[in-house]
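One structure is given below, encoded as structure tokens.
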Amino acid sequence: SNQKRSQKLPDPDKLTDGTNPSYEEWKYKLEARFRQNDDHFKKKIRHQGRSLSLSYILFEKSTKRTIYVSDALEHMDSIYCNPNEALDARDKLRTMKLTPAKKFIKFRAEFTCLAYKSLLPSSQWIDEFHYRMYASLKIIMVPWAKNPNISFKEY
Numbered sequence: 229s230n231q232k233r234s235q236k237l238p239d240p241d242k243l244t245d246g247t248n249p250s251y252e253e254w255k256y257k258l259e260a261r262f263r264q265n266d267d268h269f270k271k272k273i274r275h276q277g278r279s280l281s282l283s284y285i286l287f288e289k290s291t292k293r294t295i296y297v298s299d300a301l302e303h304m305d306s307i308y309c310n311p312n313e314a315l316d317a318r319d320k321l322r323t324m325k326l327t328p329a330k331k332f333i334k335f336r337a338e339f340t341c342l343a344y345k346s347l348l349p350s351s352q353w354i355d356e357f358h359y360r361m362y363a364s365l366k367i368i369m370v371p372w373a374k375n376p377n378i379s380f381k382e383y
């Protein structure tokens with residue numbers, strides 16, 4: 229057929245130890261490529277070959293050969309994903325404090341990442357963030373913290 233295919237996205241970097249790139253980053257890029265370039269793969273099994281060729285370690289740590297991409301990624305999730313990620317993030321979140329010496333933008337980014345990973349309901353983000361501010365900033369931010377029409381992004 230003469231149907232034009234999607235623009236081919238580049239393969240993500242090869243996954244070696246799950247730190248550079250991180251497994252999450254690698255998986256996100258791989259899945260994005262499969263979604264964007266689905267028309268480049270005639271059969272689902274071709275996804276598997278591609279994903280496995282991008283990982284050196286899957287067969288080293290695997291006790292069985294997988295058939296589908298979803299199986300391969302599920303197996304890799306069991307190797308690379310921290311089952312205590314939400315608890316670990318919650319612990320880090322509880323110890324965070326914004327001080328006048330800390331950069332606000334960096335603190336907010338770290339808070340957002342940990343709040344997301346800890347599965348903290350977004351309805352609680354403003355209260356939790358406000359609690360972690362230093363006293364003089366808390367006083368200034370009270371009107372926004374108490375306003376139910378303000379989103380975390382606006383806050």
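Under this note's numbering, the letters of the sequence shown match residues 229 to 383, in that order.
Glycine included, every Cβ here is placed at the ideal spot set by N, Cα and C.
Which residues does DSSP list as the beta-bridge partners of residue i?
i    : result
T247 : S250
Could you have a look at residue i and say whether DSSP puts it in helix, strand or coil?
i    : result
P371 : helix
K416 : Outside the shown range of the chain (229 to 383) lies residue 416, about which nothing can therefore be said.
S346 : coil
L237 : coil
I307 : helix
E382 : coil
R318 : helix
K331 : coil
R263 : helix
K366 : helix
Q231 : coil
Using the Cα positions of residue i and residue j, report the straight-line distance between them to the nearest angstrom.
i    : j    : result
M304 : T247 : 13 Å
K249 : I333 : Note that residue 249 corresponds to Pro in the displayed sequence, not to Lys. Taking the straight line joining both Cα atoms gives about 24 Å.
S379 : N265 : 35 Å
A327 : Y383 : Note that residue 327 corresponds to Thr in the displayed sequence, not to Ala. If I take the Cα positions, the gap works out to 18 Å.
Y214 : K366 : Any question about residue 214 goes unanswered here, given that the chain covers just 229 to 383.
A300 : A373 : 45 Å
S234 : S306 : 32 Å
R274 : R336 : Note that R274 has pLDDT 46, beneath the 50 cutoff, so the model's placement of it is unreliable and no number is given.
T294 : T323 : Note that T294 scores a pLDDT of 43, beneath 50, so its modelled location is shaky and nothing firm can be said.
M369 : N310 : 35 Å
E338 : K232 : 42 Å
F215 : K381 : Not covered by the structure: residue 215. The range shown for the chain is 229 to 383.
My assumption, with CB atoms under 8 Å, is that residue i sits in contact with residue j. Please give the rounded CB distance.
i    : j    : result
Y362 : Y308 : No, Y362 and Y308 are not in contact; Cβ-Cβ is about 37 Å, not under 8 Å.
K320 : L342 : 5 Å
Three or more beta-carbon pairs under 8 Å between the region 229 to 241 and the region 255 to 268, yes or no?
-> Below 8 Å, enough C-beta pairs join the region 229 to 241 and the region 255 to 268 to call them touching: three or more.
If we count Cβ pairs, one from each stretch, closer than 8 Å, do we get three or more for the region 340 to 357 versus the region 304 to 318?
-> Taking a cut-off of 8 Å for Cβ pairs, the region 340 to 357 and the region 304 to 318 touch, as three or more such pairs fall below it.
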